[in-house]
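Written out below as structure tokens is the structure these notes cover.
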Amino acid sequence: MTGYIVRRVLSMVLMLLLLTLVVFLLFSVLPTDPARLTCGKACTPEVVAANRHNLGLDLPVWEQYWVYLKGIFVGRTFGSGTATYSCDAPCLGYSFKRGEQVTVLIKEGFPATFWLAIGAFILWITSGVSLGIYSALRRGKWQDKLVMGVSLVGYSLPSFFIGLVLLFFVILKWQLLPYPDYVSPFENPLQFFQTMLLPWIVLAFLYAAFYMRLTRNQMLDTLGEDYIRTARAKGLRERIVIRRHGLRAGLTPIVTAAGLDLAGLLGGAIITERIYSLPGIGSLAVNSVVDADLPLTVGITLVTATFIIVANLIVDLLYAVIDPRVRLV
Amino acid sequence: MSTNTTGGATGPFIDVRDLRVEFPTEDGMVRAVDGVSFSVARGRTLAIVGESGSGKSVTSQAIMGLHNRKTANVTGQVILDGQDLVAATDDEVRLLRGQKMSMIFQDPLSSLHPFYTVGKQLVEAVRVHQDVNKAAARAQAIAMLDRVGIPNPDRRIDDYPHQLSGGMRQRVMIAMALLNGPSLLIADEPTTALDVTVQAQILQLLRDLQAEFNTAIIIITHDLGVVADVADEVVVMYGGRLVEHGSVDDIFHRPEMPYTLGLLASMPRLDKGRADRLDPIPGLPPSLIRLPQGCVFRPRCTYHQLAPAGVCDTVRPDLLTSGPGHEVRCHLPADVRRTIAAERLGHRQEESV
Chain A
257 MTGYIVRRVL SMVLMLLLLT LVVFLLFSVL PTDPARLTCG KACTPEVVAA NRHNLGLDLP
317 VWEQYWVYLK GIFVGRTFGS GTATYSCDAP CLGYSFKRGE QVTVLIKEGF PATFWLAIGA
377 FILWITSGVS LGIYSALRRG KWQDKLVMGV SLVGYSLPSF FIGLVLLFFV ILKWQLLPYP
437 DYVSPFENPL QFFQTMLLPW IVLAFLYAAF YMRLTRNQML DTLGEDYIRT ARAKGLRERI
497 VIRRHGLRAG LTPIVTAAGL DLAGLLGGAI ITERIYSLPG IGSLAVNSVV DADLPLTVGI
557 TLVTATFIIV ANLIVDLLYA VIDPRVRLV
Chain B
1491 MSTNTTGGAT GPFIDVRDLR VEFPTEDGMV RAVDGVSFSV ARGRTLAIVG ESGSGKSVTS
1551 QAIMGLHNRK TANVTGQVIL DGQDLVAATD DEVRLLRGQK MSMIFQDPLS SLHPFYTVGK
1611 QLVEAVRVHQ DVNKAAARAQ AIAMLDRVGI PNPDRRIDDY PHQLSGGMRQ RVMIAMALLN
1671 GPSLLIADEP TTALDVTVQA QILQLLRDLQ AEFNTAIIII THDLGVVADV ADEVVVMYGG
1731 RLVEHGSVDD IFHRPEMPYT LGLLASMPRL DKGRADRLDP IPGLPPSLIR LPQGCVFRPR
1791 CTYHQLAPAG VCDTVRPDLL TSGPGHEVRC HLPADVRRTI AAERLGHRQE ESV
């Protein structure tokens, strides 16, 4: 077990390094010239060349990568002479567009994204899984068809549609909620909840639709298993058969899906964040692309991918805890 | 086990009368079991044989009350120790399951819950029916594991099913079935998923336990070797019906229904040339939705022209007594049936069963 964890963590670190390399190379072959972007219209070739040198973009690519990688662990400084910008470890680059370290920008955007993801996660897991179980137990009845119908609607409606419809009716037309304005929950809990309620619902609806179906199918598969028949043959009450034997096996795969989905969301829910003006990582990512703020785009890509990789490891380890058949060797 | 009630030592402990199981489907009514009757006394073993889809497993699950009454129509009578289970409520039958009657299944790996230790599953089985604490239930479980021949039961009890071998798993299943001292044990293909050497051990174990606990056993199998090994009486099923019923001697030495003959001839024989060793029954089992008009076996029967003209195509044969305790469902005249059997199984009559 310990050996397995050590090996998995090591391979994860290797994977993350590889990831930085791929992302870095990917963005370095883009036709956009970051040095040209540093100054406006009245730009002379001399200024561009000077900026290129200050940013370290005149170095060979592998050397740039090395400096970048070093920056993540020990920090680095940009520029020279009087115009130096220090970038503390973990340095993911410096956004000259925004005059701020990429790490700081991501840290600023993280709380909104985190609260959005966590709230929606709780909402969709409770509703999706419970409705999925309910649906499986009422298989073929009208309740099952209703739940599956709702799920199909959730599947089919894109989040920008539901998001805009809710925004229009609930906020603009009926004015049931004030216009979204994100604050920290520790600062103004009421305003926080008023702002987050609709984004949570929009995001949760989308995912819950998927989880209803997933849970229902898992439960139906499980309830058809031989060991469920054994449990009935023992003389157990149907309630216990379903709860102790059915749910235990049926919900295990949901853990994997849920872990990965949550990690994916921590990298930003672009559409929902945009609609409700949440200053999260998703919004930040879109803005960085629109502004051609390359260091920021690279930084967000790395962080988002890291979440997924780490979540993958956690989910695998967790799975070994839940399923005794999984041997960690 | 000492409280022998109405069944007594000689009378039938389980009496199945005109059992029918139907599943309504969109394509029509599936008549999986159509009027099956048999009975088993304590200490005796009845084998139900037949191909896949003949209704043998459905019959056993109907006895155990494992069919969902919303999706299956079960009619007829299943009288267990004087109590009709078809007329009883779900909860009454549930309380008998695992206590008065138990069942073991074909594939012990998929029949045990993969996420719980053997011990947990055994303790659960004890505590459904007995008001004892976990420690006492565990002690019972260990004793039973020991009884079914699992070495180091006090350690193996904490294993997960996947950590045991196939034979050990089936022993665990048997232990689980016997924990509450059932008087009826239904074994649905108990050896099919096991190695041949393990098969023999499991059958021996079942025989020993039967002698010890005086259990009535219903064994469901398509393996005639198993039947010859353990059964006292045999029921042959085809297309959801009972087509021949008799003692193990009747079935192996004096079979009369052409389907039974076909089953016997399908066993590989080493006393013939390689080409003649296997003699399969032509065709496929019938669809249980649209059964043939006359005899269900008619489309696959090679002897129907020996019966009175056309009768096999139009009239459903009745189950008629052919000898003491021997019933056959066939239109062929009795002497014709016996002649055919003698021809088909010539050598086999001299073999010891």
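Residue numbers (the numbering used here), protein chains in the order written: chain A, 257 to 585; chain B, 1491 to 1843. The C-beta atom is built at its ideal place from N, Cα and C for all residues, glycine as well.
query: Nonlocal neighbours in the same chain, by C-beta distance under 6 Å from residue 1714 of chain B, ignoring five residues either side; result: 1757
query: Test: residue 1557 of chain B CB closer than 7 Å to a CB of chain A; result: no
query: Cβ-based contacts, 9 Å cut-off: residues of the region 472–497 of chain A near chain B; result: 481, 482, 483, 484, 485, 486, 487, 488, 489, 490, 491, 492, 493, 494 and 496
query: Own chain residues within Cβ distance below 8 Å of residue 1780 of chain B, not counting five before or after; result: 1518
query: Closer than 7 Å to chain A by CB, residue 1548 of chain B; result: no
query: Local Cβ density within 10 Å of residue 1824 of chain B, reported as buried at 16 or more and exposed below that; result: exposed
query: Local Cβ density within 10 Å of residue 459 of chain A, reported as buried at 16 or more and exposed below that; result: buried
query: Presumed contact (8 Å Cβ cut-off) between residue 1745 of chain B and residue 1732 of chain B, rounded CB distance; result: Not a contact, Cβ separation roughly 14 Å.
query: Alpha-carbon spacing of residue 473 of chain A relative to residue 485 of chain A, whole angstroms; result: 18 Å
query: Buried/exposed call for residue 1795 of chain B, threshold 16 Cβ in 10 Å; result: exposed
query: N- and C-terminal bounds of the beta strand (DSSP E) containing residue 1519 of chain B; result: 1518–1531
query: CB contact below 7 Å: residue 1593 of chain B versus chain A; result: yes
query: For residue 1732 of chain B, the residue or residues it bridges with in DSSP; result: B:1727
query: Partner residues on chain A for residue 1675 of chain B, Cβ-Cβ distance less than 9 Å; result: Neighbours of residue 1675 of chain B on chain A: none; closest Cβ ~11 Å, over 9 Å.
query: Element boundaries [beta strand (DSSP E), containing residue 1537 of chain B]; result: 1535–1539
query: 9 Å Cβ cut-off: residues of chain A touching residue 1602 of chain B; result: 482, 483 and 486
query: Residues bridged to residue 1567 of chain B [DSSP beta-bridge criterion]; result: B:1507
query: Opening and closing residue of the beta strand (DSSP E) in which residue 438 of chain A lies; result: From DSSP, residue 438 of chain A is part of no beta strand (DSSP E); its letter is neither H nor E.
query: Sub-7 Å separation of residue 1520 of chain B and residue 1513 of chain B beta-carbons; result: yes
query: Nearest neighbour of residue 348 of chain A, chosen from A:557, A:291 and A:516 [CA to CA]; result: A:557
query: Distance between residue 514 of chain A and residue 1501 of chain B (C-alpha atoms, nearest Å); result: 58 Å
query: Below-7 Å beta-carbon distance, residue 394 of chain A vs any chain B residue; result: no
query: Proximity to residue 504 of chain A [Cα-Cα], best of A:518, A:481, A:553 and A:524; result: A:481
query: Every unbroken beta strand (DSSP E) within the region 424–476 of chain A, with a cutoff of 3 residues, ordered by chain; result: none
query: Within chain B, the residues that residue 579 of chain A reaches when beta carbons sit closer than 7 Å; result: 1605
query: Distance, residue 491 of chain A Cα to residue 1614 of chain B Cα; result: 10 Å
query: Three or more C-beta pairs below 8 Å linking the region 292–301 of chain A and the region 555–575 of chain A; result: no
query: Whether residue 1608 of chain B touches residue 1647 of chain B by CB criterion (7 Å); result: yes
query: 7 Å CB neighbourhood of residue 330 of chain A in its chain, flanking five on each side removed; result: 345
query: Reference residue 578 of chain A; option with closest CA among B:1564, B:1681, B:1642 and B:1604; result: B:1604
query: Span of the beta strand (DSSP E) around residue 1594 of chain B; result: 1591–1594
query: Coil, strand or helix - residue 340 of chain A by DSSP; result: strand
query: C-alpha distance - residue 526 of chain A paired with residue 353 of chain A, whole-angstrom precision; result: 21 Å
query: Under 7 Å by beta carbon: chain B residues contacting residue 499 of chain A; result: Within 7 Å Cβ-Cβ: nothing; residue 499 of chain A doesn't reach chain B, min ~12 Å.
query: Burial state of residue 1628 of chain B, where buried means 16 or more other Cβ atoms lie within 10 Å; result: buried
query: Given 8 Å, three or more beta-carbon pairs between the region 1578–1591 of chain B and the region 1522–1538 of chain B; result: no
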